[in-house]
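Report on the following structure.
In the working numbering, the protein residues as written are 1046 to 1289.
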């Protein structure tokens, strides 16, 4: 956005019930960040008019879109058939999604009724608002929940959420590369192990096949050596095992 080059940021704000971010500048213009959406975008807005956009989802010259006014904790649809994660998001769309699997397992949330789940979401979100605990977890995830609410071991705790975001920003790319490298190595090792197991299985089967072939050869020799004995019409013949 060339029109903002050299302009000083005078403030940062967020709406109460949607995951947007506003950067306010000294010339009374604003950058609108619409995040976590299928149509995520950034708008340069001045005098309530879009001057420029990052992606061509929205029209220049139009009024900027507004954040949704979400009815937090007020569910107006039947969510009883939804997954636990989708129920929680329906109850509070701003609930930290990355922590839902661990919370679901720890509290057994799959067994909660909708009313019980609403009460639980309201309780933990209230604690989150009153006393956030910015933490980097040992599993690599981040959270604002205390260890009492989310009992996953803490690798590092931060003074405030800004320090957590800064740390995460600095280390995220490196950690992602390490995870991708680890995943690639694990896949390669699994393929090699599978090939080795398959090879060992084939060798075992080949060894058993050789044993059977050797037995059949011995039986053939014994039958030929004793072909003159017994009744020609008999189905069986008993002979001494020459190889025993």
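Where is the CB? At the ideal position from N, CA and C, for every residue including glycine.
Notebook entry, point to check: Is it buried or exposed for residue 1081, if we count other Cβ within 10 angstroms and need 16 for buried?
Noted result: exposed
Checklist line | Identity of the residue in 1269, 1146 and 1213 nearest residue 1197 by Cα | finding: 1146
Item checked: CA-to-CA distance, residue 1061 to residue 1054, given in whole angstroms -> 21 angstroms
Checklist line | Inter-residue spacing [alpha-carbon to alpha-carbon] between residue 1156 and residue 1216 | finding: 37 angstroms
Checklist line | Where residue 1062 falls: helix, strand or coil (DSSP) | finding: coil
Checklist line | Pairwise C-alpha distance: residue 1267 and residue 1274 | finding: 11 angstroms
Margin query: Is the beta carbon of residue 1208 closer than 8 angstroms to that of residue 1179?
Written below: yes
Next item on the list: Please name the residue in 1195, 1269 and 1075 whose C-alpha comes closest to that of residue 1091.
Entry: 1075
Checklist line | Option nearest residue 1134 by Cα separation, candidates 1114, 1113, 1228 and 1166 | finding: 1166
Notebook entry, point to check: Under 8 angstroms between the Cβ atoms of residue 1083 and residue 1100?
Noted result: no
Margin query: Output needed for residue 1088: all residues of its chain with C-beta closer than 6 angstroms, excluding positions within five of it in sequence on either side, in chain order.
Written below: 1077, 1095, 1098 and 1109
Next item on the list: Pull up the DSSP beta-bridge partners for residue 1202, would you.
Entry: 1180
Check: By DSSP, does residue 1084 sit in helix, in strand, or in coil?
Finding: coil
Check: Run through DSSP, which three-state label would residue 1265 get?
Finding: helix
Check: How many Å lie between residue 1265 and residue 1281 at the Cα?
Finding: 14 angstroms
Item checked: Residue range of the beta strand (DSSP E) that includes residue 1277 -> Per DSSP, residue 1277 belongs to no beta strand (DSSP E) and is neither H nor E.
Item checked: Where residue 1284 falls, given that 16 or more other Cβ within 10 Å makes a residue buried -> exposed
Margin query: What does the alpha-carbon distance come out to for the pair residue 1260 and residue 1234?
Written below: 39 angstroms
Check: What do you reckon, are the CB atoms on residue 1188 and residue 1154 nearer than 8 angstroms?
Finding: no
Notebook entry, point to check: For residue 1118 versus residue 1137, is the C-beta spacing smaller than 8 angstroms?
Noted result: yes
Next item on the list: Report the option in 1123, 1221, 1232 and 1205 whose CA atom is closest to the CA atom of residue 1160.
Entry: 1123
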